[in-house]
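Have a look at the structure below, then the notes.
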Amino acid sequence: MNHGLSLIKHHSRQRLPILACVAILLAACGGAQDAKQESVLNRGLGAEPESLDTHKARTNQAGDVQRDLGEGLTGYAADGQLELAAAERVEVSEDGLQYTFWLRPESKWSNGDSVTAQDFVFSFRRLVNPATAAFYAQQSLGDVVNATEIVAGKKPADDLAVEAIDDLQLKITLNNAVPYFLALLSHPSTFPMHRPSIELHGDAHARPGNLVSNGAYRLQAWEVGSYIEIVRNEHYRNNDQTAIDRVRHHITPEDAAELNRYRAGELDITFSVPSEAFQQMRKERPNELRVSPYLAVYYYGFNLTKPPFRDNLKLRQSLSMAIDRETLTEKVTARGEAPAYGWVPPGTNNYEPRQFLYANLSKDERHRKARELYREAVFGEDKPVSLEIRYNTSQGHRRIALAVQSMWREVLGVESTLINEESQVLIENIRMQDVTQVFRSSWTGDYNDAHTFLSVMESDNPSNLTGFHNDEYDGLMDKAAVQTDPRVRQVFLEEAEKLLLAEHPVIPLYFYVNKNMVSLRVRGWGDNVLNYHYSQHLSLADTD
Amino acid sequence: MLRYALLRIIGAIPTLLLVIALAFLMVHAAPGGPFDAERVLPPEIEENIARAYNLDESLPQQFLRYLGGLVRGDLGPSYRYRDYTVAELIGNALPLSMQLGVLAMLLAIVAGIAAGLTAALSKNSFVDRLVTGIAMTGISVPVFVVAPVMVLVFAVYLHWLPASWTGGTDISRLVLPVVALALPQIAYIARLTRASMIGVLSSDYVRTARAQGLKTSSIIRYHALKPAMLPLLSYMGPALAGILTGSVVVEQIFGIPGLGQFFIRGALNRDYTLILGIVIVYATLVISLNLVVDLLYGILDPRIRRQ
């Protein structure tokens, strides 16, 4: 009884259909028999999403919920393949600059309104509007004609080259060909928005009771710090295919506590698996532990704006070569990560990742070469270099730093000091490029294309944390950007990575893996490199 | 008495202002801002965000703007939870933390006093040593050890209670957090009660009462209990404030969306307005609880009232 009442209390803002109320009460009081009628999935979400307004969020956690609530022109299938979603057809002009989308006429908002091309236009304009202060404005629509000027406040948002030809036809014009543009349009920031509810509720439009969404689910409740509950959107175009009626995304910032909840049967899926418990889970629950490659790289960056790393390629190379990545991934991280000898992760679409030239050398040869380079890098054995490694406070980062420290000492005689900093402090220090020498960071792909990794190292990219500046590299990236032939483009990108690796602005250490506990009663889970798992693709088997 | 209370309340205002000013300076002095992340934003977007949240103004301007809002009862928008205002976040979290804290305190008072009295009345016996021993353990083992062990035993292995806040019903989800929060307090209160009761029982007026032939139970009830509670009372004010503000660890372990969790996350995320809002709540709580204790002291002890 208490359970039912508490649910309704949290939902007081929501005009719950009477039937749903009755169903909840029955489920709470009546026991298993009634509960069976509704299928409920409990997912670990990790940290709290900062917003459910698709223009005001940027974390993976927000994205996970938003992909359940809404849908863009494109989306991903359970196996991670890009597919059309709200659009049923797309035509791209030969020069790759014009995209024309035809929306599915049966697409509906959660309040029953039809989803129209105007809803997309409204959303795209709002995204680039400086007043919205959206994180992803540049990232998602930066290539659309006039977008950059609008974001910078130099043109009005209405100038954005996105046009509703009629209710169902949408035309987008780009500055240059962007081969991964369709993938960008799967990002939640490009989901359509329901104009009337935004005009009515303003900043509060993304709250339970106010949010009107066009995806498989609609927002039912959000108890900040605790959980976000979504329920089936009866108006969704594919509602017949949605198996799970209700999904609770539980806020679980502590992975150890999350695993306990999973083991207690409160969660069906975890957001992560803590390192400490990984081996135990592998032994005890091998069929529930899901590990698969993820489009993300863990790396150590060099501050290239200051000595000792400025203009000292040999020092950078020797430090990189002295690190035994196999030992790191097998003994230290030990969650199935792949050693990284390049920048772009394996599994990236239409791309052959490059590797450091020494990747295939034996360990002894590599170490010998490293010592040689190190000696040549001015510092003889009589002048040992001392370094600082900065990382954000976490046991995992610390263990890796300790291992790297001892490898450097052993192979090169380099003494390094470990400095752990709170993550906001570290970020600030990296950006100032003043005190940092070697720093820990990571990069996660936003879409499945090598560009999402390689563009980070362009000299004008704000996320280029090392200060790497190479005209030849930028030139190759520019050439790739205007190239419409995918094979030629691939060659340019691969050349760029080769150059990048030769220049060694970073030491990639390993490629991440997805790590989730997935209960055996969850069906339809497909491992994929972006780690997107739409709730609408999942179902629950009757095992209880 | 009323005048005294009023004076204290008025006296608290400058204290509160000072706390706000210091907290404001400190959060802004911390490196990194609320919108910094590993993924660095393009400069024009950073500018747009700074403008939207008035972070492009000078610090004194921002402080005045904040104070101005405060006077109107507006704690500002949260920088991290962009769909919510600080007042809304605190409004949701404070009652939860209060509920937990008050329940834990009640449990601690009942269990602690009972244990302390039992020990005091059978001083130096086996029971006394047992209670003192358990109390010592309760004080020394930190809650971040006890709580996960309780979760493992009662939730993961026995399945009696939920492992987290959202895993159970209203009552079942309270049990583990409240006990975890109360345990160290039970221990303190038991020790305090024991010591204070032993002291009172060996005082002259109790000896006189005994000499007059009063029964032990009436001596305790009418003569010893009240004075023995005085040290406890002065402990309880700060303890309640401590339990309300210090439930951070317990909230984290059980995933309870209480004030403590928001405080920690606010600090880590540089959510300036959220931290300031919670600091104000905490400061107000501590100040008013101390005031209440001082007033209660006067009620319990006539000597203080006369002063």
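Protein sequences, first through last, are from chains S and Y.
By the numbering used here, the letter at position 224 of the first sequence is numbered 224, and the numbering carries on one by one without gaps.
By the numbering used here, the letter at position 47 of the second sequence is numbered 1047, and the numbering carries on one by one without gaps.
Ideal Cβ placement from N, Cα and C applies to all residues, glycine included.
Cα separation between residue i and residue j?
i               : j               : result
G153 (chain S)  : P130 (chain S)  : 6 Å
R15 (chain S)   : V121 (chain S)  : With a pLDDT of 39 at R15 (chain S), under the threshold of 50, the predicted position of this residue should be treated as unreliable, and no value is reported.
N360 (chain S)  : Y300 (chain S)  : 21 Å
K479 (chain S)  : P462 (chain S)  : 20 Å
V162 (chain S)  : I172 (chain S)  : 5 Å
G44 (chain S)   : L1007 (chain Y) : 51 Å
L1059 (chain Y) : Q424 (chain S)  : 19 Å
E330 (chain S)  : H1159 (chain Y) : 35 Å
N60 (chain S)   : W343 (chain S)  : 21 Å
A85 (chain S)   : S186 (chain S)  : 8 Å
T242 (chain S)  : S535 (chain S)  : 8 Å
L1285 (chain Y) : G1101 (chain Y) : 12 Å
L1329 (chain Y) : M1150 (chain Y) : The shown model of chain Y, from 1001 to 1307, leaves out residue 1329 (chain Y), and the question about it has no answer.
Q139 (chain S)  : D113 (chain S)  : 29 Å
V332 (chain S)  : R431 (chain S)  : 28 Å
V22 (chain S)   : R58 (chain S)   : The predicted position of V22 (chain S) is uncertain, since its pLDDT is 40 and thus under 50; a value taken from the coordinates is nonetheless stated next. If I take the Cα positions, the gap works out to 37 Å.
D311 (chain S)  : K515 (chain S)  : 39 Å
Confirm, please, whether the CB-CB distance from residue j to residue i is below 8 Å.
i               : j               : result
E254 (chain S)  : Q1061 (chain Y) : no
L1259 (chain Y) : I1278 (chain Y) : yes
D1036 (chain Y) : R207 (chain S)  : no
Q37 (chain S)   : T54 (chain S)   : no
R368 (chain S)  : P179 (chain S)  : no
S272 (chain S)  : E258 (chain S)  : yes
G524 (chain S)  : G80 (chain S)   : no
H249 (chain S)  : Y227 (chain S)  : yes
L1181 (chain Y) : V1110 (chain Y) : no
A1190 (chain Y) : V1145 (chain Y) : no
V297 (chain S)  : F511 (chain S)  : yes
N111 (chain S)  : V212 (chain S)  : yes
E554 (chain S)  : R390 (chain S)  : Outside the displayed range of chain S (1 to 544) lies residue 554 (chain S), so it cannot be described from this structure.
E181 (chain S)  : L170 (chain S)  : The residue you asked about is not Glu; residue 181 (chain S) is Phe in the sequence shown. Not a contact, by the Cβ cut-off of 8 Å.
I1308 (chain Y) : T1193 (chain Y) : With chain Y covering only 1001 through 1307, there is no way to say anything about residue 1308 (chain Y).
Using a cut-off of 9 Å between C-beta atoms, extract the partners of residue i located in chain Y.
i              : result
R125 (chain S) : Residues of chain Y passing the Cβ test: none, with the nearest at roughly 15 Å.
L52 (chain S)  : D1083
A257 (chain S) : P1148, V1151, A1163, S1164, Q1252, I1253, F1254, G1255
Is residue i buried or exposed, if buried means 16 or more other CB atoms sit within 10 Å of its CB?
i               : result
T270 (chain S)  : buried
Y1004 (chain Y) : exposed
N239 (chain S)  : exposed
P1077 (chain Y) : buried
W222 (chain S)  : buried
A1211 (chain Y) : exposed
W443 (chain S)  : buried
F302 (chain S)  : buried
S1218 (chain Y) : exposed
S107 (chain S)  : buried
L1067 (chain Y) : exposed
P1014 (chain Y) : exposed
Quick one: list the residues of chain Y neighbouring residue i, beta-carbon separation under 8 Å, in chain order.
i              : result
V425 (chain S) : A1030, P1031, G1032
K56 (chain S)  : R1082, D1083
Please compile the residues from chain S whose C-beta is within a distance smaller than 7 Å of the C-beta of residue i.
i               : result
E1044 (chain Y) : V151, A152
L1041 (chain Y) : F135, P462
N1092 (chain Y) : V224
I1049 (chain Y) : A133
E1038 (chain Y) : I427, S441, S442
I1108 (chain Y) : In the sequence as presented, Ile is not what sits at residue 1108 (chain Y); that position holds Ala. Chain S residues near A1108 (chain Y): none, gap ~24 Å exceeds 7 Å.
Is there a Cβ of chain A sitting closer than 8 Å to that of residue i, yes or no?
i               : result
F1262 (chain Y) : In the structure shown, chain A does not exist; the protein chains are S and Y.
Counting only Cβ pairs nearer than 8 Å, list the residues of chain S close to residue i.
i               : result
G1298 (chain Y) : Near G1298 (chain Y) there are no residues of chain S at all, since even the closest Cβ is about 39 Å away, more than 8 Å.
Can we count residue i as close to the ligand MG, meaning its CB is less than 7 Å from some heavy atom?
i              : result
P505 (chain S) : Judged by which ligands are present, the structure shown has none, so any question about the ligand MG falls away.
For residue i, which residues in chain Y fall below 7 Å Cβ to Cβ?
i              : result
Q138 (chain S) : P1042, I1045
R263 (chain S) : V1156
### Task
For the region 1151 to 1167 of chain Y, enumerate the residues whose C-beta is nearer than 8 Å to any C-beta of chain S, in chain order.
V1151, L1152, A1155, V1156, H1159, P1162, A1163, S1164, W1165, T1166, G1167
### Query
For the region 221 to 238 of chain S, which residues have a beta carbon sitting closer than 9 Å to at least one beta carbon of chain Y?
W222, E223, V224, G225, S226, Y227
### Query
Of all the residues that make up the region 463 to 486 of chain S, which are near chain Y by a beta-carbon distance shorter than 9 Å?
S463, N464, L465
### Query
What residues in the region 265 to 294 of chain S have a beta carbon less than 8 Å from any beta carbon of chain Y?
Taking 8 Å as the Cβ-Cβ cut-off, the region 265 to 294 of chain S approaches chain Y at G265, E266, given in chain order.
### Query
Of the residues that make up the region 441 to 453 of chain S, which ones have a beta carbon closer than 7 Å to any beta carbon in chain Y?
S441, S442
### Query
In chain order, what residues of the region 1194 to 1218 of chain Y put their CB closer than 9 Å to some CB of chain S?
none
### Task
Compile a chain-ordered list of the residues in the region 1270 to 1281 of chain Y whose CB is closer than 8 Å to at least one CB of chain S.
R1270
### Query
Between the region 317 to 347 of chain S and chain Y, which residues of the former have CB atoms less than 8 Å from a CB of the latter, in chain order?
none
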